[in-house]
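Scroll down for the structure; my scribbles are underneath it.
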C-alpha cells in the first residue's frame, strides 16, 4: 500500500467538532470519489501526548496500490474539487506520502 497521510488543524474560527463533522461529512463525499483510492482511515485527535504535539485535530491516511496510482489521483478532477472545497480555510496541514509496512497485527 502507498499512503497519503494528512495531519490537519481546523481553521481558527471553527470548533474541533465542526471541523471533524465537515471532514467526515461534506469533505469525505469528495474524497470517496478519488480514482484508485483503496482505503481511508481517519483519526479524530482528542489528546496530545506532550505539549509539542498539541494543536492538531485529525489525521487521514488514504491508501493506494502504488505511487503512480496516488499521482493519478492527485492529478484528477476529483482531487481538484476537494482542494477547491478546502479553499482558503486557513487551517494548517502536513501532507506526506510513502510506502506502508505492517509492523504488528494482533
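Numbering (this note's numbering), first residue to last: 1 to 106.
Ideal Cβ positions, reconstructed from N, Cα and C, are used throughout, including at glycine.
Item	Value
Beta-carbon spacing of residue 34, residue 78 below 8 Å	yes
Beta carbon of residue 93 nearer than 8 Å to that of residue 7	yes
Euclidean distance between Cα positions of residue 59 and residue 68	22 Å
Inter-residue Cα distance where the pair is residue 66 and residue 42	20 Å
Residue 22 versus residue 106: straight-line alpha-carbon distance, rounded	32 Å
Span separating the alpha-carbon of residue 72 from that of residue 64	10 Å
Segment limits, alpha helix (DSSP H) that includes residue 15	Where residue 15 is concerned, there is no enclosing alpha helix (DSSP H), given that its DSSP letter is neither H nor E.
DSSP three-state assignment for residue 20, whether helix, strand or coil	helix
Range of the contiguous alpha helix (DSSP H) that encloses residue 95	Run containing residue 95: none in the alpha helix (DSSP H); it sits in the beta strand (DSSP E), 92 to 99.
Alpha helix (DSSP H) segment containing residue 44, residue limits	Here residue 44 belongs to no alpha helix (DSSP H); instead the beta strand (DSSP E) covers 39 to 44.
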